[in-house]
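Here the sequence shown is numbered in the working numbering, starting from 334 and rising by one per residue.
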Amino acid sequence: MSELQKDAQQREVILQVRDLQVTFGSRRHPFRAVKGVSFDVYKGETFGIVGESGSGKTTIGRAIIRVVPASGGSVKFHGQELTGRISHALDREITQKIQMIFQDPMASLNERAKIDYIVSEGLLGRGIPKEEIHARVEKALRDVGLLPEFASRFPHEFSGGQRQRIGIARALVMNPEFIIADEPISALDVSIRAQVLNLMSQLQKQRGLTYLFISHDLSVMRFICDRIAVVHKGLIVEMADSETLFHHPLHPYTRALLSAIPQPNPEVEKRKVLEVYDPSCHHYETDGPVWTEIEPGHFLLGNQEELAAARERLNA
Numbered sequence: 334m335s336e337l338q339k340d341a342q343q344r345e346v347i348l349q350v351r352d353l354q355v356t357f358g359s360r361r362h363p364f365r366a367v368k369g370v371s372f373d374v375y376k377g378e379t380f381g382i383v384g385e386s387g388s389g390k391t392t393i394g395r396a397i398i399r400v401v402p403a404s405g406g407s408v409k410f411h412g413q414e415l416t417g418r419i420s421h422a423l424d425r426e427i428t429q430k431i432q433m434i435f436q437d438p439m440a441s442l443n444e445r446a447k448i449d450y451i452v453s454e455g456l457l458g459r460g461i462p463k464e465e466i467h468a469r470v471e472k473a474l475r476d477v478g479l480l481p482e483f484a485s486r487f488p489h490e491f492s493g494g495q496r497q498r499i500g501i502a503r504a505l506v507m508n509p510e511f512i513i514a515d516e517p518i519s520a521l522d523v524s525i526r527a528q529v530l531n532l533m534s535q536l537q538k539q540r541g542l543t544y545l546f547i548s549h550d551l552s553v554m555r556f557i558c559d560r561i562a563v564v565h566k567g568l569i570v571e572m573a574d575s576e577t578l579f580h581h582p583l584h585p586y587t588r589a590l591l592s593a594i595p596q597p598n599p600e601v602e603k604r605k606v607l608e609v610y611d612p613s614c615h616h617y618e619t620d621g622p623v624w625t626e627i628e629p630g631h632f633l634l635g636n637q638e639e640l641a642a643a644r645e646r647l648n649a
């Protein structure tokens with residue numbers, strides 16, 4: 334057994350997803366947005382899900398937090414099943430321990446409510462004294478670099494970066510263990526993106542948080558994620574730790590995504606060859622794809638011919 338496998342066995346699994354499926358539409362005209370994905374998230378890590386628009390990555394995150402219902406499969410948080418009907422007590426526990434940061438900070442904040450109410454809304458109705466709620470809101474705002482005086486203002490009075498910090502504060506005030514960050518910086522200016530990413534990394538170290546980070550930008554994922562799962566049309570096609578994925582991409586879709594990353598060096602960018610992913614390159618009619626650990630910690634979806642070619646590529 335390799336050191337990587339031993340390390341994986343010793344780490345605590347905080348979230349376990351098995352064969353998760355999400356279907357929209359009617360019975361006569363169903364649309365399978367997520368077609369059966371499986372992965373584990375370890376305590377204290379940042380696990381990334383990357384893919385193009387419409388790949389199903391956001392739907393996976395929303396199914397985990399129960400914003401959209403799963404049509405099949407299993408999601409377990411600390412061993413407790415979250416799919417289907419759950420008890421009221423477990424629902425309250427989950428809404429406290431799992432929080433979500435949404436993509437658009439303007440759309441996710443109630444324009445008619447003040448920041449104090451927006452940040453504290455999740456604490457209301459839980460029997461917490463007003464003084465404690467006020468103190469927790471103040472601390473959450475300070476933790477994200479905002480002044481407590483801002484609590485009396487409305488969302489439209491803030492910049493995009495400040496609004497996203499308010500969204501992060503709304504999640505932090507619940508003292509969660511696990512945060513799903515759905516494209517948390519895509520609506521922000523480039524200069525503000527680095528500030529928000531650094532803030533999230535700092536908060537993770539201070540609070541021992543676990544992140545599920547969803548994005549279409551692989552260069553950002555490399556900076557913040559420990560492991561990355563690549564999603565295409567509702568399926569995970571490749572999964573590995575960040576550096577392995579960048580240095581040894583095996584699936585043609587992963588290679589296409591990596592080739593689209595802009596290079597800061599103009600000469601390198603000029604010589605770069607853009608790869609285009611064509612699903613017809615697969616021959617699954619007689620030899621269907623299987624999810625395989627091609628090397629320790631590196632998983633690939635492919636048929637036997639593709640898996641053999643991937644092994645040769647790794648050994649070259």
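C-beta: ideal position from N, C-alpha, C; glycine also.
Measuring alpha carbon to alpha carbon, tell me which residue in the options is nearest residue i.
| i | options | result |
| --- | --- | --- |
| D522 | L505, G494, S548 | G494 |
| M507 | G621, R496, A520, G458 | G458 |
| P612 | L634, V400, I397 | L634 |
| E345 | S371, G377, S359, R365 | G377 |
| Q539 | E510, I518, G567, L551 | E510 |
| R503 | N636, L591, I451, R445 | I451 |
| I561 | F364, L348, F357, T379 | T379 |
| S386 | D515, S404, K409, R361 | D515 |
| G455 | A403, I501, T619, C614 | I501 |
DSSP state of residue i, grouped into three classes?
| i | result |
| --- | --- |
| M439 | coil |
| D611 | coil |
| Q596 | coil |
| A514 | strand |
| S534 | helix |
| H580 | helix |
| V346 | strand |
| I501 | helix |
| A562 | strand |
| V570 | strand |
Measure the alpha-carbon distance for residue i versus residue j and round it to whole angstroms.
| i | j | result |
| --- | --- | --- |
| A366 | Q354 | 8 Å |
| A642 | L583 | 9 Å |
| D559 | S359 | 38 Å |
| I518 | G412 | 31 Å |
| V564 | V570 | 6 Å |
| M533 | N648 | 37 Å |
| T543 | K409 | 15 Å |
| I499 | H467 | 15 Å |
| E490 | A484 | 11 Å |
Only counting the same chain, and skipping five residues up and downstream in sequence, which positions put a Cβ closer than 8 Å to that of residue i?
| i | result |
| --- | --- |
| R486 | K447, I448 |
| M439 | P488, G493, R496, A520 |
For residue i, which residues in the same chain have their Cβ closer than 7 Å to its Cβ, ignoring the five residues on either side in sequence?
| i | result |
| --- | --- |
| G460 | none |
| H580 | none |
Can you check whether the C-beta of residue i is within less than 7 Å of a C-beta belonging to chain C?
| i | result |
| --- | --- |
| L442 | Of the chains in the structure shown, none is chain C; there is only one protein chain. |
Near residue i, what residues of its chain come up, given a Cβ to Cβ distance below 6 Å and the 5 sequence neighbours on each side ignored?
| i | result |
| --- | --- |
| I627 | L633, A643 |
Ignoring anything shorter than 4 residues or poking outside the stretch 450-499, list the alpha helix (DSSP H) runs there in chain order. 463-476
Go through the stretch 343-427 residue by residue and report every complete run of the alpha helix (DSSP H) that reaches 4 residues or more, in order. 390-397
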